[in-house]
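Asks:
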Amino acid sequence: MSLTLRRLIGVTAAAATGAAALLVAGAGTAGAAERAHCDRAEQNLWSDGPSRGLTAHHCDIPSGRGRWYTVEIDTVVQTRRKGDTLDGAVDRTRTLHDRTFRCLGYTSDDGTVNWFGCPPS
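Residues 0 to 120 (numbering that gives the first Met the number 0) make up the sequence shown, in order.
If you want it as structure tokens, here you go:
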């Protein structure tokens, strides 16, 4: 996937997250989250905060179409980058265990699940 396409997906996910947050705030418990589980994931961190997406592997995804997903991940590797792009140098990495994220949706391809719209917790 090209860098331009990844940026476009990131911007679209951020806009969708903002709109969905406004809708969910009024929805109350009607939009209860469905649970998913992934063995491991990677998350990029930028100078101005984390990305709103996770790239995960070995996931069990619920069969229903939820409004929000609660994603439980055994191991998350967070990579802090020195710039605002994926081609920026890596400043440092941190490994977290047993983390839970709330995400708006996902796309999957060849065993990899790209979770998007995951606001920082």
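The C-beta atom is built at its ideal place from N, Cα and C for all residues, glycine as well.
Keep in mind the model is a prediction, meaning the values are calculated, not measured.
(1) Check whether the Cβ atoms of residue 74 and residue 34 lie closer than 8 angstroms to each other.
(2) State buried or exposed for residue 116, treating a residue as buried only when at least 16 other CB atoms are found within 10 Å of its CB.
(3) Report the rounded CA-to-CA distance for residue 104 versus residue 37, giving the unit in angstroms.
(4) Measuring CA to CA, which of 119, 95, 57, 64 is closest to residue 109?
(5) Hey, would you say residue 32 sits closer than 8 angstroms to residue 69, going by beta carbons?
(6) Figure out for me which residue from 71, 64, 87, 61 has the closest Cα to the Cα of residue 53.
(7) Thinking C-beta only, is residue 85 closer than 8 angstroms to residue 113?
(8) Taking the beta strand (DSSP E) that residue 93 falls in, what are its first and last residues?
(9) Let's test the definition: count the other Cβ atoms within 10 Å of the Cβ of residue 50 and tell me whether it reaches 16, buried, or not, exposed.
(10) Output the boundary residues of the beta strand (DSSP E) element that contains residue 85.
Replies: Taking the structure as given:
(1) For the purposes of this step, residue 74 is taken as the residue at position 75 of the sequence shown. For the purposes of this step, residue 34 is taken as the residue at position 35 of the sequence shown. Cβ distance not < 8 angstroms, so residue 74 and residue 34 don't count as in contact.
(2) Counted from its first residue, the sequence shown places residue 116 at position 117. A residue is called buried when at least 16 other Cβ atoms come within 10 angstroms of its Cβ; residue 116 meets this threshold and is buried.
(3) Numbered from 1 along the sequence shown, position 105 holds the residue referred to as residue 104. Numbered from 1 along the sequence shown, position 38 holds the residue referred to as residue 37. Near 14 angstroms, if we compare the C-alpha coordinates of residue 37 and residue 104.
(4) Position 110 of the sequence shown, counted from the start, is the residue given in the question as residue 109. The shortest C-alpha separation from residue 109 is found at 57.
(5) Taking the first residue of the sequence shown as position 1, residue 32 is located at position 33. Taking the first residue of the sequence shown as position 1, residue 69 is located at position 70. The answer is yes: Cβ separation under 8 angstroms.
(6) Counted from its first residue, the sequence shown places residue 53 at position 54. Nearest C-alpha to residue 53: 71.
(7) Translated into the one-based positions of the sequence shown, residue 113 becomes position 114. Translated into the one-based positions of the sequence shown, residue 85 becomes position 86. The Cβ-Cβ distance between residue 113 and residue 85 does not fall below 8 angstroms.
(8) Counting from 1 along the sequence shown, the entry for residue 93 is found at position 94. Note, residue 93: beta strand (DSSP E), 89 to 102.
(9) Counting from one through the sequence shown, the residue named residue 50 turns up at place 51. So residue 50 counts as buried.
(10) Residue 85 sits at position 86 when you count from the first residue of the sequence shown. Premise fails: residue 85 is in no beta strand (DSSP E) and is neither H nor E.
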